Amino acid sequence: MIMQMVFGGEFDYEQAKAYCASMEGFSVKLAIVYVVSIFSMKFYMKDRKAYGLQLPLNIWNAILSVFSGLGFFYTFTTFLNVAYSKGISQIHTTISEVYTDKTCGYWIFLWVLSKIPELVDTYFIVLRKRPLMFMHWYHHALTGYYAIVNYSEENAHMFWLVWTNYGIHAAMYG
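All the letters of the sequence shown, read from the start, carry residue numbers 8 to 181 under this note's numbering.
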């Protein structure tokens, strides 16, 4: 179901919401595995030489920048249409077209799913032996769970986070 919706089927908000609800437990387990693995890897790397990884990191950042730029664009265009036709309060108080629209809704759902591969950022930091800041790993550990729960619980205000996050990531990874 999820693969068909993401890679070729038509976006269905109710299916996406149900999928996220089914992933809540998994997201908690993933966060635990993530934290344990990064600190285990950090310990493992303590007496080892740092990996360069510049080319893979550049490719990774380019992919995330393009993805985020597209997400920003596609969510912003629907945002403008809804804000103009129904008022800006419609966007943060109800589940409107920004969530159910075949394009904007799809990109909001992709944002939720993107929180899992974004964990890779931390492994680049650890393998390159760069300083691992608390805010970095804490943010990544919690954001996936936050995204899944808020999407499945229909918190309309999440749109602002999605749109802002897409914009920041497009610039930050670019």
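From the three backbone atoms N, C-alpha and C, an ideal C-beta is built for every residue, glycine too.
Just so you know, these numbers come straight off a predicted model, no measurement behind them.
Counting C-beta atoms within 10 angstroms of its own C-beta, Ile-155 has 16 or more neighbours from the protein chains shown and is therefore classed as buried. Within the model, the alpha-carbon separation for Glu-17 versus Tyr-145 is close to 34 Å. The alpha-carbon separation between Phe-74 and Gly-174 amounts to approximately 10 Å.
Around Ala-38, the same chain offers Ala-148, Leu-149, Gly-151 and Tyr-152 as residues with beta carbons nearer than 8 Å, after the five sequence neighbours per side are excluded.
In this structure Lys-49 touches Val-133 by the C-beta definition: roughly 5 Å separates them, less than 8 Å. Between the stretch 75–89 and the stretch 97–114 there are three or more inter-stretch CB-CB distances shorter than 8 Å, so the stretches are counted as touching. Straight through space, the alpha carbons of Trp-118 and Ala-25 are spaced by roughly 16 Å.
The residues Ala-23, in chain order, have a CB closer than 6 Å to that of Phe-116 in the same chain once the five nearest residues on each side in sequence are set aside. In the assembly as shown, Lys-122 is a buried residue. Its beta-carbon has 16 or more other beta-carbons within 10 Å. Residue environment for Gly-181: exposed (fewer than 16 other C-beta atoms within 10 angstroms of its C-beta).
Under the DSSP assignment, Glu-104 falls in the alpha helix (DSSP H) whose first and last residues are 104–107. Setting aside the 5 residues that flank it on each side, Gln-97 is surrounded in the same chain by Val-89 and Ser-103, each with a C-beta closer than 7 Å to its C-beta; the list follows chain order.
Residue burial annotation: Glu-125 is buried, with at least 16 other C-beta atoms found within 10 angstroms of its C-beta.
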